[in-house]
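Using full-length UniProt numbering, read the sequence shown as starting at 1 and increasing by one per residue.
A virtual CB, placed ideally from N, CA and C, is assigned to each residue, including glycine.
This structure is a prediction, so every number in the text was calculated from the model and none was measured.
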Amino acid sequence: MQCNCIMGIFPSIRRAWLTVDSDIFVWRYLDGDDLAYFDGLSETILSIALVQPKQGIFKDHIKYLLVLATPLDIVMLGVSFADGDINSEMRLLPDALFSLPSDGSYITNIVGSHNGRIFMGGRDGFLYEIAYQASGGWFSRKCNKINHSRSRLSFLVPSLLNVWLSEEDSISQLVVDDTRNILYTRSEKGTITVYDLGQDGWGMSCVAQSSLDSIRRRAVAIASGIEPSNLNELVHIAAVTLQESRQINLVAVTQAAFNLYQNTLKPGVRLYFITCQPPTLPPQPTTPSTTSPKQNLNINKFITRPSGLYLVHVRLPPGFTGSSVQRPTTVHSAHYNAGTLLLSSTTGDDGVLWCINNDMFAFDAMLRETKINFRLDGRSWAIAEVANPPSPLSLAALPSDAPPLPPQIFPTQGCHVFHKLRPVDQLRNLLNHFDPDSNTIHKFFQIYNQGEAACCCIILSSSFVPSDRVIIDKAVAALMHHGGVALPKVSTNQLPSSLAHHTMEPMSPISGTHRQSTLMRTPGGLPVISTPMPGSHPPPLSRDARSPQQHPQSPVQQPAVDPNQVTFYSERQEGVFKMFSRIVRPLWEGRLVEDFVVSRVDEGTISLVIDHLVSLRSFLSKHCLSQPSGRGDFPNSFDRSSFSSYCYCCGGILKLYLLFINFLAEEAHVLEIRSLKQLHSLCDQSIQVFGLWRLLLHHQIHVLFEALDKQAQPSLKLMTFSDVVLSGDSVCKALISALVGQYIDDHSTIDLSSQLRDICPNLYSPDDAICSKASELMSLARTSEAHHRDEQLHEAAKLFQQVAYSVNLPHVIQQYYAVRFYSGVVELCLLAAHKRDEEGLALRLYLSLSSGDEDVDPLVRKSYVASFYDRISCYKCITDMLDGLMVAAEGQLQSPSVPSQPGPPQPLINNENGVGNLTPEEAQHHLALNSEDELFHITLYEWMLRMHLTTQLLKVSSPFVEPFLKRVASSQENNSTLFGSMGTDLLWQYYERAGQFMKAAEILVHLAEKPGSDRDLVKRIEYLSRAKMNSKSSTSHKSNRGKGQILQELEEKLEVAQIQLSTMENLKQLSEHEACEKLNFQLVDVTTLYSEFADPFQLAECKLSIVHCAGLHDPNLVEALWQNIIEHELSKSNNSDTSVLLQHKMVELTKRYMASQRYFPIEFVVGLLEKISCSRGWILNWGVTCFLEARYSLSNLLNVYENVHSQKLDCWSTLGSPHHLLYVVNELISLFLDN
């Protein structure tokens, strides 16, 4: 009986499958259990695939889709597992999720992509895709089949014509590169087609197609020595992932085992890479579900999309030489991944598996590989590799005791499982059969150089399995024997002059340091095949080949010994450094938290990292930190002069050279020990930081995050583990404080302090434990009774004061403020400020900057500035508390409420210092009087100025107030906006309150006379008036001629200022704004006032005031000014009210000047006024009324009129009233008689 049978492997779920006609069977191949089968089809199964579903379409329990293709139908079955674990029972859903007709297409291959797309290749050479979605629409179905090989207009061409015009070429293989979103197809005749799936993986376009003939021609052109017959058939293609190479995209394997490396970008096109977020993946099971090309998708992706298919390199098969007999032939299947190539060929009825790998020479400049072959019982049906478990982090860097997952080979007679040995597994096998000092182990160290072999030894020595005791000892012995020591590189320019001409080969304590580049067999007996890179020559595999080059310099310019530049560290050191790097790599550059304050790693990952770090630290302590023994007789300080004299005592150049090398080696060893100690410290710090983070995760990191300072939260989101380990002590302490605060708020009885001391003693010091105890007392005080409360508060205050230097003041002050323990705030902050700046550097810096002395050494200035900010941060806690008190007081005043009980209001909670019963103003006064810290006083006074509490500030009786106000007044000279206008008035007000009137007067005069736009003329006159009052108060207390003279000068300045104000008012009426601005912002003398303002603008009244003030006696000038004043008044008045306005002006001027006869020519003024009255026909007593209203003496006025009449002027006759003055005198006499 004959049937159709197909066999294969599902490596993602660790199961094998077998189809017999229309039935399929799936079972675990390792133990043969958990058999699942499906017999619901009626047609023969042609192809099968297990793919990942798209997200959001099926229920969560469906982990995979099993796609079955028959000649008539394409069926999709759901695959689920018990408990969601692929190692549990597998379940095939009996009802098909989707079913499509094949439409006559024989499907030969099926493959799925990481985002759930399903592609199929048909015998007709067409590429199909199954498009499925959660629900259908009017123009789309839930599931349909798409042909990507036909154009949209192909339906216009008859199908029969298509058959005649096209040659059938079945698709034999489909490969998806999920790292680049590219799909490759290989046809039965060797044609390779490239499809671009788009940058996001959801597109589809055919970009290139390369036939076998074109590939063969290109390959012969590259490697002209090969026969074209070796390239007649392609048996396998594999995508080269972006993790493995950015230049090579695809490798094709021929039947003769030739590897053809190809690229999808035209040669010469530059690649531009951008960082992309990882694509959205479907839900993953608990164990690996994708092969290695689908892992670690959160990598750099390039902008340039594929544009073609170009052959760039031809790799010859192993044994392809004239003398070689054994080489792979008639290859019928292959598998390639990450540099490992498996080739399956047949020899008669048996099969041969060839394994080729380059892991042993991954760091060599020459392209070399190892090969080995195995006999198989029959022809292999399938080759698959079981991938390592996917992880959000690079956990593959961590050493593991578990062996790597093996590739699976299914020949006709059963399943062959092969394990790819890691270097550590190879070393374990070698140590089981050879001694640590054997030549075989030495060759292992030569192959795995640059610290790789040392890493293997460290991994083996860190085993905790009791049965590995012998292996542990051998691994340590091998590392000590072959790990070497730090070496100097000696050149002739580094030797003393006596040895410079005797060049010889440097001697090394490590045998075989200078190795030749020869073909060699590995310790496991695997032959090595090599291909030199084009245009390059392989350097010798020695320590010099990977060390920095030293450029020779003149021996006169460079010292003889400079270990920092010529030291080459040993394999042991390189190994431990690599080991540390690989252990912390999963965490090091990753951020602490994600966007939603969720830790980027879980506790299990951190625990794994910590365990390995602890093992590495133990290894460092035991085997790497021993001090070197004496290696010579040279002193520690070495120079050429001492060396030249020393050479004669040693006898012989060779002995001298050996001693010189010995000395340099000792110096190099000292440097290496120092470096290892630093690594030990870094390892210890990393263990503590990771341990702390694990503890924080256990106590809900998102809750602790909310307890942090709002300013620290954004920076924490951006920090990586490396930032925290290297410079994140402050962040760690803040997190510890939040954790301790959470326990205190919850009144937890767990001894958290002991846990923190055990996990991170460097981060949680004894001082931190004291703070935790004090915080606990503060928390208890919130709910305690009054008498217990005071005791607990003062006990907590004493504890905090013990650690005042390092305490987190804002956090503690917040606790104090919560219980209204204001006196504790002041005491702790002032003590902390003193502890952090015991030498008073902050005050020195403040005083020097206030005095303008900035000539300070930059190094000294840096320490001063640091001390200053330390103190200011302490003082800020006090001012913040006072701000809170002010706000609370304002709230009580603005929001009255109904009393809760009758009677007087209840007093505030009291304490020893009584601060709790004080208003904010009284509290400030209390704090200022009880502190002797001058810089605190300055800070407090500045706060009072900002809060406009000038009255309270002036009430403070302290020796620091006057110097502070002087500095404020001085700073006002340079920056008038420092404290607003109040800065100019504080000092004189302080002196005025203190009774120092003369000092207040001097300051007021200075403020009045200082030019500037910050005060107007009215304010200056006010200052002069206050200065006059203070001067009078000073002279009234104690008579002094000097003080009296000052008072007289002030009165004169005030008089001039008032004239200046009058002048400015007159100029405003004339709209002379520029002149007004000059007069408004400065005081001028009488000369300037007359010559630049009163005279140019013809201000007669102002000129008269200036002449009167200056005491200038010029009768003609005075008469002219009076005449100008009267004429000016007449010119600006109307006829109806001229007499009234002029009369008012004359009354005003008479009152002002009648006491000074020099400046009040009464006879001239009377005559002028009577002429105007007579000419204008005003009433006879108009002129007399002007003077009498000004209270001019009536008798004196009669005498004046008598004198004017006695002049017998002709003007009266001209005016037509020769007896006008007699009539006026008659009126005057009548008034005299009436009164």
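Under the three-state DSSP convention, the category residue i falls into
i	result
residue 1177	coil
residue 513	Residue confidence is low: residue 513 scores 34 on pLDDT, short of 50, so the model does not pin down where it sits. Its coordinate-derived value is still stated next. The answer is coil: DSSP assigns residue 513 none of H, G, I, E or B.
residue 417	strand
residue 193	strand
residue 397	Residue placement at residue 397 is flagged as unreliable, the pLDDT there being 48, under the threshold of 50; the coordinate-derived value follows with that caveat. In the structure shown, residue 397 sits in a helix (DSSP, three-state: H, G or I).
residue 581	helix
residue 304	coil
residue 591	strand
residue 345	strand
residue 559	Because the pLDDT at residue 559 is just 36, under 50, the model does not fix this residue reliably, and the point stays unresolved.
residue 254	strand
residue 240	coil
residue 392	Note that residue 392 has pLDDT 44, beneath the 50 cutoff, so the model's placement of it is unreliable and no number is given.
residue 676	helix
residue 988	helix
residue 741	helix
Short Cβ contact (7 Å threshold) for residue i with residue j
i	j	result
residue 807	residue 878	no
residue 9	residue 384	yes
residue 361	residue 368	yes
residue 461	residue 477	no
residue 142	residue 133	yes
residue 1102	residue 1063	yes
residue 448	residue 466	no
residue 253	residue 235	yes
residue 1057	residue 1106	no
Residue range of the beta strand (DSSP E) that includes residue i
i	result
residue 384	380-385
residue 11	Premise fails: residue 11 is in no beta strand (DSSP E) and is neither H nor E.
residue 206	205-210
residue 1257	The first residue shown for the chain is 1 and the last is 1235, placing residue 1257 beyond what the model contains.
residue 426	Counting along the chain, residue 426 falls outside any beta strand (DSSP E), though it belongs to the alpha helix (DSSP H) covering 423-433.
residue 263	259-263
residue 315	310-315
residue 188	Neither: residue 188 is in no beta strand (DSSP E) and is coded neither H nor E.
residue 350	350-357
Nearest residue (CA-CA) to residue i, options the options
i	options	result
residue 24	345, 1079, 44 and 1196	44
residue 416	945, 1225, 29 and 668	29
residue 1002	1024, 1011, 1012 and 1014	1024
residue 353	359, 347 and 342	342
residue 336	356, 1061, 1099 and 1066	356
residue 883	1198, 763 and 947	947
residue 459	446, 607, 479 and 447	479
residue 867	886, 887 and 833	833
residue 816	802, 792 and 236	792
residue 258	12, 226 and 196	226
residue 1208	1195, 1167, 1180 and 1187	1167
residue 970	985, 957, 959 and 956	985
residue 345	359, 3, 358 and 329	329
residue 245	228, 264, 255 and 230	264
Extent of the continuous alpha helix (DSSP H) to which residue i belongs
i	result
residue 131	Segment 127-132 is the beta strand (DSSP E) holding residue 131; no alpha helix (DSSP H) there.
residue 943	934-946
residue 604	603-623
Can at least three beta-carbon pairs, one atom from the stretch 611-623 and one from the stretch 726-745, be found at a separation below 8 Å?
Counting C-beta pairs closer than 8 Å gives fewer than three between the stretch 611-623 and the stretch 726-745, which falls short of the contact rule.
Count the CB pairs spanning the stretch 109-123 and the stretch 36-52 that are closer than 8 Å, and state whether there are at least three.
Output reads yes: the stretch 36-52 touches the stretch 109-123.
Taking 8 Å as the threshold, find out whether the stretch 766-779 comes into contact with the stretch 694-707 through three or more Cβ pairs.
Contact between the stretch 766-779 and the stretch 694-707 is absent, because fewer than three Cβ pairs lie under 8 Å.
How do the stretch 672-683 and the stretch 780-799 stand: do at least 3 beta-carbon pairs fall below 8 Å, yes or no?
Touching, no.
For the pair the stretch 1085-1095 and the stretch 1115-1123, tell me if three or more CB-CB distances fall below 8 Å.
No: the two stretches stay apart, fewer than three of their Cβ pairs being nearer than 8 Å.
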